[in-house]
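A quick write-up on the structure given underneath.
2 protein chains.
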Amino acid sequence: MTRDQPRIIAMHSGDNVAIVANDFGLPEGASLPGGIRLRERVPQGHKVSLVDIPKGGEVRRYNVVIGFAALDLPAGSWVNENRLDMPKAPGTTGLPISTNIAAPGPALTGHSFLGYRNANGTVGTRNLLAITTTVQCVSGIVDHAVRRIRAELLPRYPNVGGILSLEHIYGCGVAIDAPEAVIPIRTLRNISQNPNFGGEIMTVSLGCEKLQPDRLFPEFEIPDLVRLQDDSNIGFEAMIRTIMETAEKHLERLNRRTREPCPASDLVVGLQCGGSDAFSGVTANPSLGHASDLLVRAGGTVMFSENTEVRDGIDQLTARAATPEVARALIEQLSWYDAYLERGQVDRAANTTPGNKAGGLSNIVEKAMGSIVKSGTAPISGVVAPGERADQKGLLFAATPASDFICGTLQLAAGATLHVFTTGRGTPYSLEAFPTIKVSTRSELARRWHDLIDIDAGPVATGETSIEEMGQRMFQHMLDVASGTPTWAERHGIHNSLALFNPAPVT
Amino acid sequence: MTRDQPRIIAMHSGDNVAIVANDFGLPEGASLPGGIRLRERVPQGHKVSLVDIPKGGEVRRYNVVIGFAALDLPAGSWVNENRLDMPKAPGTTGLPISTNIAAPGPALTGHSFLGYRNANGTVGTRNLLAITTTVQCVSGIVDHAVRRIRAELLPRYPNVGGILSLEHIYGCGVAIDAPEAVIPIRTLRNISQNPNFGGEIMTVSLGCEKLQPDRLFPEFEIPDLVRLQDDSNIGFEAMIRTIMETAEKHLERLNRRTREPCPASDLVVGLQCGGSDAFSGVTANPSLGHASDLLVRAGGTVMFSENTEVRDGIDQLTARAATPEVARALIEQLSWYDAYLERGQVDRAANTTPGNKAGGLSNIVEKAMGSIVKSGTAPISGVVAPGERADQKGLLFAATPASDFICGTLQLAAGATLHVFTTGRGTPYSLEAFPTIKVSTRSELARRWHDLIDIDAGPVATGETSIEEMGQRMFQHMLDVASGTPTWAERHGIHNSLALFNPAPVT
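Quick mapping for you: the protein sequence lines, in order, are chains A and B. For the first sequence, counting from 1, position 198 maps to 198 in the numbering used here; every step adds exactly one. For the second sequence, counting from 1, position 244 maps to 1244 in the numbering used here; every step adds exactly one.
Okay, here's the thing in C-alpha cells:
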C-alpha cells in the first residue's frame, strides 16, 4: 500500500460513513476502495458517505447514529459538522443496567514495575516532595522557596525526583460553605496524599484564609505546618527559611526511599484524551483500551473520565457496570453534570473545539464514541466522584469535566500515579505530579512533534500495526515509565498548572 | 500615651461599640476611657459595648447598624460574631440616587510621575513584555521559553523591566458560548492591552483551542502570532526558538522606551484590601480614601471594587453616583452578583474569613463599612463591568469579586497600572503586571513583616499621624512607585498567579 492510494477507514459493518486516512486528504474525483468516487475534496480524518443518505437520514459511525443528514448526501459526499443535525442526548432513565458485562480475560501475571512502596500500601511511580498550599495567597512565597530548595537542597538528596508546589487559585475569596465547595476541598486534600509524594504531607498556610489547614485535613494533625502569619516568621527571609528547613526534614525521609519490584496490580493509571481528531477513536484510543484491558487483567487500576465525552454513550456504560450500584452511581454523576451545565445555559455539545472539527469530528456524539473506546471492554467496577480518592481496583469511571487540566488534576486526586494522554491535533499538556505519556493518533503529528510524543499510534491506521500490538506496546511502556523511564515532558521539565474544579461561587 | 493604657477607638458619635486598640487586647476589669470596666477579656480589634445593649438591640459602628444583639450586652461586654445577628442586605430598589454628591476639592496641580507613555495615550508605570496565552495547554512551553528569555535575552535589553506569561486555566475545556463566557474572554483581552505592556501584544496559541486568537482579539490582526501546532514548529526546540525569536522583536521595541514626566492624571490605580481586620476601616482604608480623593482631584483614575464588600453599603454608593446612569449601572452589577451567589446557594455573608473574625470583624456588614471607606468621598463617576476596560477618569467602581487574585486580575484588565493593597492580618499577595503597594492596618504587622509591608498605617490608630497625613504620604508613595521605586514584592521577585473570573461552566 503506497501513501498515495486513497485510504478510508470504516469502524463497523453497519456504518454508512468512513473517514479519509490519507495525510493530506483526498481530492474530488478520487476513487475509493469499493468503487465510490469523491464528489468533492475531503480533508484527512473527515467523513465520506458510502451510500446515498437522504436528507433526514441516519448517519452511522461506530455503529451508532452520530447525526441526521441536514441535506441529501449522495455516496462520495463530504460529511461534516455543517451537514449533520445532532441527535438528542440519551435520557438517564430506562437504561440497560449491567446487561453487557464482558467475561474478564485470563488473569495476567508476571508483569511488574519498580515503584516506591508507601507505608499505607500504595505505590508511587515517582518520589517527589509536594508542598500543599491552603490558599493562593502563599504561592509567591512558596514558589520562591521552591526555586531555592531546588537549587540549594535537592542536589544533596539524589533519590528525590523533584519538588513541586501544589499551587491553585482556591482557598479564600470563595464560598467555602456552599454545597459544592466540597469538590475543590477534597480534591486538594486527596492530591496532597497522592502516592507519588510518599506520604510526606508538607503544608504551607497563610493563617487567615477560609481553607484552614484543619478544614483541609480534618482527619490528622498536620506535621510541621508552616503558617506565614505566625509570630515566629519575622519577615520574608524568615518565611523562606522556615519553608526550607521544613522541606529538608521531608527530603531526608524521602531520600531514604528506593524503588522495589511491585506487581502491575499496584499501578493506578489515569487515561485522558485532548485535542482529539477523527483518528482518536481509530488508533490511539482503541489501542489504549486494549492496554487498559491488559492492566485490569493484571489486577491494576485504570480510570477513564470526561463526563461530556461519555454522556452520549451512557447506555454503553450502564450496560458495562459491574453491579447495579455502579450503574446508579454513573447515572447520578452524569445527571449532576447535566444540571451543572444547564445552570450555565449550555449542554454537552459545548465540549467540541475548533480543532476537533478541523480534525473531522462533527459533533460531541462522534467525539464521545471515539473517546469512550479508551476504556476497553472490561466491566466498570466503580465510580469516583470528582475530587474523591479511588478505593478499589479494576476499571473505574472517574467523573470529571473533560478539560485536560481539570481532568488530570482530578485523576491525581483520585490517586493516579501515571497518566496516559492521547492527542490528535497535538498538545504539550502534562502535569508535574505524575508522568504523562503522550500518544499521537497520527504518524504525521508524531513525526512533527518528535520530541514531545512518546508513542505513535498512527501505524494502526495504515494496518502496519494491529490495535492489539499497539495496546501491548502501551502496556509495556506504562510499566517502563512507572519504573522511572522519563517521558518527553519530564526530560524537558515542562508541565501545566493544576486546575481545581470549583462549581461553587467565588466571593 | 503609653502602650499599656487601655485604648479604644469609636468611629462615630452615634456608635454604641468601640474597638480595643491595644496590641495584645485588654484584660477583664480594664478601665476604659469614659469609665467603663471590661466585663471580660477583649482581644485587639474586637468590639466592646459602650452602653447597655439589650438583646435584640441595634449594634452600631460607623454609624451603621452592623447587627442586633443576640443576647444582653451590658456596657463593657465583648461584642463578637457569636453575639450579633446579622441584618438583611439592603434591597436594590428605592435607593437614594445621586443625592450625596460631594463637591470636589480644588483641582490639584503640579503632581507628576515618570511613566512610559504609549502610542494610544495611556501611560505605564512599568515596561514589561507580557506573553498572552490563549489556552492553558501552552503554558508549560511558554514558561520554559520565558525562563530562557529572562536568562539569555533580557540582559541585552536593560530598559525592559521584565517578562511574564499571562498564564491562566481558561481557553479550552470551557463552555465558550455560554452567556457568561464573555467575562473571562474580555478579561484576558484587556489584560493583554494593559498600559504596562507598552502596546506590544505577543500571543502564543496552541491551534485547536476554543479560545481562538481571532476570538480573543477580534478587532485587529495579531502580529507575529505563534501557534504551536503550525507545521513550521518541528518539535519542542523549534517551539522554544519561535517564541524566543518573536519575543526578541518585541524586546527591541520595548527597549527603546524611556520614562518621561507625566501628570498624575495619567495614573490609574486599583485599590483593594485583603486579610482585613477591624483596623482596616480605622487606619489603612480611610487613609487610602484620602489618597484616592487627592488622586481624583489631580485628575487621575482610581478604582475600588469587591462586590460583597460594598453590597451592604449600596445606598451609600448610589447616593454618591455622579449621575443616575452610574447609580443604575451600580445596581445592575450588584444585582447580577446577588443572583450569581444565589445560584450557588450562598449570599454576601460567604465573604468573611476566619482571619477577619479573629481580627474583630463580626460579619460582612461591619467588614463592608470598613472596606468601602477606601473609596474616599469623591463622586463615583463610572462603573466597570468585570473584565471590561475603564474608559474614563475619576473614581470608578470596578465590579469584581472580593477574592484578592480575581479582583487584582480584573483591575489589571480594567487598565490599572498600579495597585494599592491594605491588609490587617497580612498577606504576601501581589501581581507581576503592576507594582503592588502593601499597606498594613497595624504597626505590629508592619514591624513583623518589615520587608513585605511598604507602608504602615498603624500610627493613625494611636493618633501619632492623622488620616490626612497618612493619605498624603500614600499619594506621594503612589507617584514614587509609579516612577520606578520598587515595592517590596518587586524587590523579592514574588507574585501571585492571575485568576480569571469565569462564572460559566467548564466542560
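Yeah, the Cβ is synthetic: ideal placement off N, Cα and C, and Gly gets one too.
> What whole-angstrom Cβ distance do L1254(B) and Y1157(B) have, given they're in contact under 8 Å?
Replying inline: 7 Å
> Closest by CA to D224(A), which one among D451(A), E366(A) and I201(A)?
Replying inline: I201(A)
> In three-state DSSP terms, what is I511(A)?
Replying inline: Outside the shown range of chain A (1 to 507) lies residue 511(A), about which nothing can therefore be said.
> In the stretch 139-221 of chain A, which residue ranges form an unbroken alpha helix (DSSP H) of at least 4 residues, counting only runs that do not cross its ends?
Replying inline: 139-148, 182-192 and 213-216
> Rounded to the nearest angstrom, how far is the Cβ of D1312(B) from that of V1365(B), given a contact under 8 Å?
Replying inline: 5 Å
> At which residues does the alpha helix (DSSP H) containing M1478(B) begin and terminate?
Replying inline: I1467 to A1482
>> Using 8 Å as the threshold, is the C-beta distance between A1145(B) and I1009(B) below it?
In response: no
> Under a Cβ-count criterion, where at least 16 other Cβ atoms within 10 Å of its own Cβ denotes burial, should L1071(B) be classed as buried or exposed?
Replying inline: exposed
>> Taking 6 Å as the limit between beta carbons, can you name the residues of its chain near N63(A), skipping five residues before and five after?
In response: H12 and G14
>> Relative to the C-alpha of L1206(B), which candidate in L1412(B), I1222(B) and D1230(B) has its C-alpha closest?
In response: D1230(B)
> Taking Cβ positions only, does V384(A) come closer than 8 Å to chain B?
Replying inline: no
>> As a quick exercise: from C137(A), L128(A), N351(A) and L418(A), pick the residue whose alpha carbon is nearest that of E248(A).
In response: L128(A)
> Does the beta-carbon of K1088(B) have 16 or more other beta-carbons within 10 angstroms, so that it is buried, or is it exposed?
Replying inline: exposed
> When the Cα atoms are used, what is the spatial distance from V1501(B) to L1164(B)?
Replying inline: The question names Val, but residue 1501(B) in the sequence shown is Phe. Looking at the two C-alpha atoms, the distance is approximately 20 Å.
>> Given this structure, state the Cα-to-Cα distance separating V1506(B) from T400(A), to the nearest angstrom.
In response: 10 Å
> Between V1302(B) and L1412(B), which are expected to be in contact by the criterion C-beta below 8 Å, what is the C-beta distance as a whole number of angstroms?
Replying inline: About 15 Å; that fails the 8 Å criterion.
>> Within 8 Å of any Cβ in chain A, is that where the Cβ of N1285(B) sits?
In response: no
>> Can you check which of these residues, S1098(B), E1081(B) and A1021(B), is closest to P1324(B) by C-alpha distance?
In response: S1098(B)
> Does DSSP put H419(A) in a helix, a strand or coil?
Replying inline: strand
> Which whole runs of the alpha helix (DSSP H) in the stretch 263-325 of chain A are 4 residues long or more, in chain order?
Replying inline: 285-297 and 314-320
> In or out: K1055(B) buried (at least 16 other Cβ within 10 Å) or exposed?
Replying inline: exposed
> Within 8 Å (strictly less), CB to CB, does A350(A) reach chain B?
Replying inline: yes
>> Can you check which of these residues, F1113(B), L1361(B) and M1474(B), is closest to N1082(B) by C-alpha distance?
In response: L1361(B)
>> Using a Cβ-Cβ cutoff of less than 7 Å, which residues in the same chain neighbour T2(A) once the five nearest sequence positions on both sides are dropped?
In response: Note that T2(A) has pLDDT 48, beneath the 50 cutoff, so the model's placement of it is unreliable and the number below is only indicative. Here the set comprises nothing.
> Cβ atoms of N496(A) and G1067(B): under 8 Å apart, would you say?
Replying inline: no
>> Could you pull the DSSP bridge partners for I1009(B) from this structure?
In response: I1019(B)
> Taking Cβ positions, are T441(A) and D277(A) nearer each other than 8 Å?
Replying inline: yes
>> Whether or not the stretch 1425-1438 of chain B and the stretch 1458-1465 of chain B are in contact is what I'm after, with contact meaning three or more pairs of Cβ atoms, one per stretch, closer than 8 Å; do they touch?
In response: no
> Apart from the five residues on each side of it in sequence, which residues of its chain come closer than 6 Å, Cβ to Cβ, to Q1193(B)?
Replying inline: none
> Less than 8 Å separating the beta-carbons of T122(A) and P43(A)?
Replying inline: no
>> Does the structure place the stretch 1202-1221 of chain B close enough to the stretch 370-377 of chain A that three or more beta carbon pairs sit under 8 Å?
In response: no
> Quick one, which residues of the stretch 304-322 of chain A are near chain B if we go by CB-CB under 7 Å, in chain order?
Replying inline: T308
> If you follow the alpha helix (DSSP H) that T462(A) is part of, which residue opens it and which one closes it?
Replying inline: P459 to T462
> By the 10 Å Cβ neighbour count, where 16 or more other Cβ atoms means buried, how is H1046(B) classified, buried or exposed?
Replying inline: buried
>> Which residues does DSSP list as the beta-bridge partners of E444(A)?
In response: Paired residue(s): none; E444(A) is not in a bridge.
> Would you say W336(A) reaches chain B, if we count a Cβ-Cβ gap shorter than 8 Å as a contact?
Replying inline: no
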